[in-house]
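Asker: In this text, residue positions in the sequence shown follow the working numbering: the first is 877, and each later residue adds one.
For each residue, glycine too, the CB sits at the ideal point set by N, CA and C.
These numbers were taken from a predicted model, which means no experiment stands behind them.
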Amino acid sequence: MQNINLQPGKFTIRMSHKSYFRSSGYVSEHIITTDSGETLNLAELPPFLRTLLVADGTVTKALEAWFWEPVKIAPLHNKLEQLTATIEGLEAGKGDRVLQREVALKGKNTDRVYACARSTVSLKHLPEKICTALEAGRIGIGELLREQGFETYRDIFNINYLPEIPAEDSLLSLLSSEIISRSYRIRVSGNPAIIVTEYFPVQLHRK
877 MQNINLQPGK FTIRMSHKSY FRSSGYVSEH IITTDSGETL NLAELPPFLR
927 TLLVADGTVT KALEAWFWEP VKIAPLHNKL EQLTATIEGL EAGKGDRVLQ
977 REVALKGKNT DRVYACARST VSLKHLPEKI CTALEAGRIG IGELLREQGF
1027 ETYRDIFNIN YLPEIPAEDS LLSLLSSEII SRSYRIRVSG NPAIIVTEYF
1077 PVQLHRK
């Protein structure tokens, strides 16, 4: 198990004080301001992409129903690490174990990449059975929590728009340029346990 030094990078977590779509999936003025200060017109997004952004459930099931093929979770990075500093929003501090994950959501029949995700999982609030399954990396977080019957709540704290993919980002290079992302925190039995950022290719939903 390695120590993780929280320096700027792809797994760096910066919690926002914003909260999106807490009680409704509709925004009357159509415009939201991202955490970086940019404005995003939700009315101009493809309808299903808007649905993914506001969903308080597993994205995998929604993708399967929309594209009508089974979707597999392809683990790309799955490493257990020990913190050397506090992660804001997870109540995880120095010495705590966290799991850093990167996955791609792919169609089983077409091998098309429908989405990618990065997550940081604080293991201290999760039962050992859940931790073991997550470390194995064979199933998505949402699916695993649902199968185990855990009550969860997703607090969406950031929506972001990336017109271009950073050249050094191997995960996002799996997607076409122009990406919409959302970041949210999952509470498990009331405890902040997981922070997830999901990335969706815009052009895929404009076809």
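Based on Cα-Cα distance, which residue from Q976, L981 and V997 lies nearest to T936?
Answerer: In the sequence shown, the residue the question calls residue 936 occupies position 60. Closest by alpha carbon: L981.
Asker: C992 bridges to which residues according to DSSP?
Answerer: On the sequence shown, residue 992 is found 116 positions in, with the first residue counted as 1. BP columns for C992 point to A980 and Y1075.
Asker: Could you check the C-alpha separation between E1019 and R977 for me, to the nearest Å?
Answerer: Position 143 of the sequence shown holds residue 1019. Position 101 of the sequence shown holds residue 977. E1019 and R977: Cα-Cα distance of roughly 15 angstroms.
Asker: What first and last residue would you give for the beta strand (DSSP E) that runs through E957?
Answerer: Counting from one through the sequence shown, the residue named residue 957 turns up at place 81. It spans V947 to L959 - the beta strand (DSSP E) in which E957 sits, taken as one unbroken run.
Asker: Residues in its own chain within less than 7 angstroms of S1049 by CB, not counting five upstream and five downstream?
Answerer: Here residue 1049 refers to the residue found at position 173 of the sequence shown. Excluding sequence neighbours, S1049 sits near I1041.
Asker: Put S1059 into one of helix, strand or coil per three-state DSSP.
Answerer: Translated into the one-based positions of the sequence shown, residue 1059 becomes position 183. In this structure, S1059 counts as strand in the three-state DSSP scheme.
Asker: Confirm, please, whether the CB-CB distance from L939 to C992 is below 9 angstroms.
Answerer: Position 116 of the sequence shown, counted from the start, is the residue given in the question as residue 992. Position 63 of the sequence shown, counted from the start, is the residue given in the question as residue 939. Cβ atoms of C992 and L939: not closer than 9 angstroms.
Asker: Under 8 angstroms: do the segment 986-1002 and the segment 1061-1077 share three or more Cβ pairs, one atom per stretch?
Answerer: At 8 angstroms Cβ cutoff, the stretches touch.
Asker: Where do the ends of the beta strand (DSSP E) carrying L921 lie?
Answerer: Looking up residue 921 in the sequence shown gives position 45. Run containing L921: none; DSSP gives neither H nor E here.
Asker: Looking only at its own chain, which residues have a Cβ that is under 6 angstroms from the Cβ of H953, when we skip the five neighbours before and after it?
Answerer: To locate residue 953, count along the sequence shown from 1; it is residue 77. Closer than 6 angstroms at the Cβ level, and outside the excluded window around H953, lie E978.
Asker: Which of the three DSSP states, helix, strand or coil, is assigned to A858?
Answerer: This structure gives no information on residue 858, because the portion of the chain shown stretches from 877 to 1083.
Asker: Between which two residues does the alpha helix (DSSP H) containing T1008 stretch?
Answerer: For this step, residue 1008 is matched to residue 132 along the sequence shown. Per DSSP, T1008 belongs to the alpha helix (DSSP H) from E1004 to A1012.
Asker: From T995 to E905, what does the alpha carbon distance come to, in whole angstroms?
Answerer: Against the sequence shown, residue 995 aligns to sequence position 119. Against the sequence shown, residue 905 aligns to sequence position 29. With the sequence shown as reference, residue 995 is identified as Ser, and Thr is not the correct amino acid for it. Rounded to whole angstroms, S995 to E905 spans 31 angstroms at the Cα level.
Asker: Report the three-state DSSP secondary structure of L1050 (helix, strand or coil).
Answerer: Here residue 1050 is taken as the residue at index 174 of the sequence shown, counted from 1. In the structure shown, L1050 sits in a helix (DSSP, three-state: H, G or I).
Asker: What is the residue span of the alpha helix (DSSP H) that I1017 lies within?
Answerer: The residue given as residue 1017 occupies position 141 in the sequence shown. Note, I1017: alpha helix (DSSP H), I1017 to E1023.
Asker: Within its chain, find whatever has a CB closer than 7 angstroms to the CB of L918; leave out the 5 residues flanking it on each side and keep chain order.
Answerer: Against the sequence shown, residue 918 aligns to sequence position 42. Closer than 7 angstroms at Cβ, skipping near neighbours: V903, H906, I908 and R926.
Asker: Give the C-beta separation of R1063 and I1035 to the nearest angstrom, bearing in mind that I take them to be a contact with Cβ-Cβ under 8 angstroms.
Answerer: To locate residue 1063, count along the sequence shown from 1; it is residue 187. To locate residue 1035, count along the sequence shown from 1; it is residue 159. At roughly 19 angstroms, the Cβ-Cβ gap does not stay under 8 angstroms, so R1063 and I1035 are not in contact.
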